[in-house]
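Below you'll find the structure, written out as structure tokens, and then a few comments.
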Amino acid sequence: MSFLPQDVKFDMELIKKYDKPAPRYTSYPTAAEFSQEVNHEIFTQKVVESNQRKSPLSLYFHIPFCESACHFCACNVIISRRKEVVEPYLEYLFKELEKTSSFLDENRKVVQYHWGGGTPNYMDKNQMESLFKKSKQLFDFDKDAEISIEIDPRYIDKEGIFFLRELGFNRLSFGIQDFDPKVQKAVNRIQPEDMIFNIMKWTREAGFESVNIDLIYGLPYQTLETFTDTVEKTIKLNPDRIAVFNFAYVPWLKPLQRNIIEEALPPAQEKLDILKMTIEKLTNAGYVFIGMDHFAKPNDELAVAQRERTLHRNFQGYTTKAGAELFGFGATSISMLHDVYAQNYKKIRDYYNALDKNIIPISRGVLLNEDDIIRRDVIMKLMCHFRLIKDEIQRAYNIDFDEYFKSELEELKQLEQDGLINIYPDRIDVTPAGRLLIRNIAVIFDIYTKAKKEQKFSKAI
Ligand SMILES: C[S@@+](CC[C@H](N)C(=O)[O-])C[C@H]1O[C@@H](n2cnc3c(N)ncnc32)[C@H](O)[C@@H]1O
Ligand code: SF4
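Structure below.
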């Protein structure tokens, strides 16, 4: 039988048996391993070393501000209607850009450039223009660079969409979450249908190459019936990519979520029915399952990269720019270099204070040893390709795969018996039914999470 990574099968029993909390593996080791072992000095040294690899650059900018609070939100946000908060933030962002870029070889090209948040369109046009100009002034952009932005559809008009395209953005992403007015009210995010359909029309007229929309399942008052309507409307919208996130309900970490009435959350079985329906409807409509929570049109770059085994995963999720090293700017941003991950200060005050001292505002991170790098490769190959070819790992790291992962291969036998994977002498294939549980397969190779019994993650499904 031919192996197609996009084939996915919803197996209710298997999901019920295996759906245990596990990391999302946007990195390995995960952010749970970050500590103060990485400071600005170590990071700066690693930035300088990274020039030897001559790897291209991926730049991420975190704009934390939002006009109002969506009660479900688990992102790092600052809710404020006082727009004057942006000016000092930009000033410090420029300082950080200048500082970091001064250590980087100017021949390294930017192949990926992203504004996320929060809400980047919280900034006014002049502010957006100045940030874009500053970036272009300090870095050399590849002519095919992927230049993307996340927007909140409630705070943009037609002119605003065209402005972003003219500025240079070629990809755009926005949140819908759910079309149902009752759900929208419960999560404090009202966005009428007309508004969404208009935005989509304008992004097409403006010529964006790829448009993504976000949905969340598991929100209060959602039912199979109401979410079916949301999925059908989304298909009608015809985006290139769709992210369907499982609601990460973590009120112990995100106090904002205490506004959510717990009793209104759909029960576990309803959520599974919703997920099954969503996968069936999206794949029947021609979307390809990329992995985890992502779907794309077959001709979208993500789907092409999946077919060609060049798909990659980093703190921003799935990406096509495998060789690039990620530099994060702004409060809470994470940088991901070959052998170090480093996060900026979360509190804006701390972030500003560090830059006042003229240092890169790193608060914590993790250094990767050789074993971490091998395991990261294994986990990322599983997450992105659903097929792990042992020889690729053996040749890259000069190890005997079966010997190195002897105990993991033993543990995997149970997963094979249950139908999540097939183990062959030369490879491990994740079955279509196992693909929805990829986090629970990947965790077998994660020595840190396995060592911690009481870790609290959001549930995988
Ligand atoms: C930075 S926002 C997107 C841009 C813009 N701020 C907006 O809301 O339209 C990132 C996305 O994360 C997702 N998200 C936020 N909190 C979440 C949670 N608790 N569980 C699952 N997904 C969540 C939402 O789908 C949201 O669209
Ligand atoms: S979902 Fe978007 S708009 Fe809402 S609070 Fe989170 S980042 Fe802000």
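Position 312 of the sequence shown, counted from 1, bears residue number 294 in my numbering, the numbering being contiguous throughout. Even glycine gets a Cβ: it sits at the ideal position worked out from N, Cα and C.
### Query
Helix, strand or coil: how does DSSP classify residue 409 here?
strand
### Query
Would you say the beta carbon of residue 134 comes nearer than 7 Å to a heavy atom of ligand 2?
Under cutoff, so the answer is yes.
### Query
Which residues count as close to ligand 2 when the rule is a CB under 6 Å from any of its heavy atoms, in chain order?
Those residues that have a beta carbon less than 6 Å away from any non-hydrogen atom of ligand 2 are, in order along the chain, 48, 51, 52, 55, 57, 59, 99, 100, 101, 134 and 157.
### Segment limits, alpha helix (DSSP H) that includes residue 9
Looking at the DSSP string, residue 9 is not in any alpha helix (DSSP H), and its letter there is neither H nor E.
### Query
Which residues in the same chain as residue 305 place their Cβ atom closer than 7 Å to its Cβ, once the five residues preceding and following it in sequence are excluded?
37 and 38
### Task
Examine ligand 1 and report whether any of its heavy atoms sits within less than 7 Å of the Cβ of residue 342.
no
### Message
Taking the straight line between their C-alpha atoms, what separation do you get for residue 0 and residue 222?
### Response
Cα-Cα distance, rounded: 31 Å.
### Message
Please report the straight-line C-alpha distance between residue 333 and residue 252, rounded to a whole angstrom.
### Response
42 Å
### Query
If you draw a straight line from the alpha carbon of residue 41 to that of residue 30, how long is it in whole angstroms?
Roughly 16 Å between the two C-alpha positions.
### Message
Under 7 Å: does the beta carbon of residue 230 sit that close to some heavy atom of ligand 1?
### Response
yes
#### Entry: Limits of the unbroken beta strand (DSSP E) element including residue 318
316 to 319
#### Entry: Between the CA atoms of residue 410 and residue 268 - distance to the nearest angstrom
27 Å
### Query
Can we count residue 159 as close to ligand 1, meaning its CB is less than 7 Å from some heavy atom?
yes
### Close beta carbons around residue 175, own chain, < 8 Å, minus the five adjacent residues each side
161 and 215
### Query
Between the Cα of residue 130 and the Cα atoms of 14, 144, 52 and 98, which residue gives the shortest distance?
98
### Query
So, is residue 317 buried or exposed, given that buried needs 16 or more other C-beta atoms within 10 angstroms?
buried
### Query
Does the Cβ-Cβ distance between residue 368 and residue 425 come in under 8 Å?
no
### Span of the beta strand (DSSP E), counted from its first residue to its last, around residue 114
From DSSP, residue 114 is part of no beta strand (DSSP E) but of the alpha helix (DSSP H) over 107 to 120.
### Query
Leaving out the 5 sequence neighbours to the left and right, which residues in its chain are closer than 7 Å to residue 205 when beta-carbon positions are compared?
Answer for residue 205: 248 and 252, listed in chain order.
### Message
I'd like to check one pair, residue 47 with residue 100: are the Cβ atoms closer than 8 Å?
### Response
yes
### Task
Within its chain, find whatever has a CB closer than 6 Å to the CB of residue 324; leave out the 5 residues flanking it on each side and keep chain order.
In chain order, 20, 25, 317, 344 and 347 place their CB closer than 6 Å to the CB of residue 324, counting only its own chain and leaving out the 5 sequence neighbours on each side.
### Task
Have a look at residue 62 and residue 45 and give me their C-alpha separation to the nearest angstrom.
12 Å
### Message
Check for me: the alpha helix (DSSP H) holding residue 184 runs from which residue to which?
### Response
175 to 188
### Query
Can you name, in chain order, every residue of its own chain whose Cβ lies under 6 Å from the Cβ of residue -11, other than the five neighbours on each side?
A distance below 6 Å between beta-carbons, with the five flanking residues on each side excluded, links residue -11 to the following residues of its chain, in chain order: 414.
### From -6, 417 and 427, residue whose alpha carbon lies closest to that of residue 273
417
### Message
Between residue 196 and ligand 1, is there a pair consisting of the residue's CB and a ligand heavy atom that are separated by less than 7 Å?
### Response
For residue 196, the CB falls within less than 7 Å of some heavy atom of ligand 1.
### Alpha carbon of residue 231 to alpha carbon of residue 202, nearest angstrom
Straight through space, the alpha carbons of residue 202 and residue 231 are spaced by roughly 11 Å.
### Task
Count the C-beta pairs between the segment 123 to 138 and the segment 149 to 160 that are closer than 8 Å, then say yes if the count reaches three, no if not.
Result yes; three or more Cβ-Cβ pairs closer than 8 Å.
### Task
Look up residue 325 in the DSSP assignment and give the residues it is bridged to.
316 and 346
### Backbone CA spacing between residue 406 and residue 122 [nearest angstrom]
45 Å
### Query
In whole angstroms, what is the alpha-carbon distance linking residue 5 and residue 94?
25 Å
### Query
So, helix, strand or coil for residue 150, using DSSP?
coil
#### Entry: Residues near residue 114 in its chain [Cβ-Cβ closer than 8 Å; skip 5 each side]
149 and 150
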